């Protein structure tokens with residue numbers, strides 16, 4: 001492995017396992033998995049990391065960037081330790097999503113696409129999370145779904161994440 005690679009050897013091993021799921025001439029099919037692995041390790045996808053993934057998969061860098069910028073689970077700018085996505089699609093918005101977002105913005109002192117001064121929280125608008133009946137819905141760090149988010153539950157979540 002070349003010395004100029006940006007990810008750890010373990011990350012490349014994980015990417016290799018993803019590549020192995022596809023025919024040999026279709027390495028690029030692992031691009032979403034490779035970006036997710038890179039983001040877990042680096043926290044966000046810098047242009048250099050996207051270029052590295054592109055080189056590793058044998059793709060044009062612009063094709064990797066198109067994938068990374070299309071899906072909002074990928075961070076193409078630095079984010080806080082905890083990225084909170086608030087579902088603002090119409091069903092959630094009408095079922096308390098707008099209220100929950102307003103409360104969270106006020107509590108954290110940031111707007112969408114902003115990070116708190118201490119680097120702990122980044123707030124973003126999320127697309128449909130497939131849980132309209134559980135509105136308002138939030139997703140923490142692309143992995144943890146939080147449902148029926150009342151002000152009290154938002155307070156408890158923020159306190160838990162601060163620890």
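Numbering (UniProt numbering), first residue to last: 1 to 163. We treat Cβ as the ideally placed atom computed from N, Cα and C, and that holds for glycine. These numbers were taken from a predicted model, which means no experiment stands behind them.
Which value, in whole angstroms, describes the spacing of the CA atoms of residue i and residue j?
{"i": "residue 127", "j": "residue 87", "result": "6 Å"}
{"i": "residue 157", "j": "residue 95", "result": "20 Å"}
{"i": "residue 57", "j": "residue 41", "result": "18 Å"}
{"i": "residue 122", "j": "residue 20", "result": "34 Å"}
{"i": "residue 155", "j": "residue 66", "result": "36 Å"}
{"i": "residue 51", "j": "residue 75", "result": "15 Å"}
{"i": "residue 12", "j": "residue 37", "result": "9 Å"}
{"i": "residue 146", "j": "residue 139", "result": "6 Å"}
{"i": "residue 159", "j": "residue 26", "result": "45 Å"}
DSSP puts residue i in a beta bridge; with which residues?
{"i": "residue 143", "result": "Residue 143 is not bridged to any residue."}
{"i": "residue 87", "result": "126"}
{"i": "residue 98", "result": "Paired residue(s): none; residue 98 is not in a bridge."}
{"i": "residue 73", "result": "DSSP, once it has assigned bridges, lists no residue as partnering residue 73."}
{"i": "residue 115", "result": "122"}
{"i": "residue 138", "result": "86 and 146"}
In terms of residues, what are the limits of the alpha helix (DSSP H) holding residue i?
{"i": "residue 69", "result": "61–70"}
{"i": "residue 53", "result": "47–57"}
{"i": "residue 134", "result": "Where residue 134 is concerned, there is no enclosing alpha helix (DSSP H), given that its DSSP letter is neither H nor E."}
{"i": "residue 42", "result": "31–42"}
{"i": "residue 155", "result": "151–162"}
{"i": "residue 9", "result": "9–19"}
How should residue i be labelled, buried or exposed, when 16 other C-beta atoms within 10 angstroms of its C-beta is the threshold for buried?
{"i": "residue 7", "result": "buried"}
{"i": "residue 162", "result": "exposed"}
{"i": "residue 2", "result": "In this predicted model, residue 2 has a pLDDT of only 46, less than 50, meaning its place in the structure is not dependable; the value taken from the coordinates is given anyway. With fewer than 16 Cβ atoms within 10 Å of its Cβ, residue 2 is classed as exposed."}
{"i": "residue 39", "result": "buried"}
{"i": "residue 115", "result": "buried"}
{"i": "residue 5", "result": "exposed"}
{"i": "residue 102", "result": "exposed"}
{"i": "residue 60", "result": "exposed"}
{"i": "residue 85", "result": "buried"}
{"i": "residue 77", "result": "exposed"}
Mind the definition here: the segment 16–31 touches the segment 40–50 only if three or more C-beta pairs lie below 8 Å; say whether that holds. Not touching, per the Cβ criterion.
Does the contact criterion of 3 or more C-beta pairs under 8 Å hold for the segment 105–116 versus the segment 126–143? no
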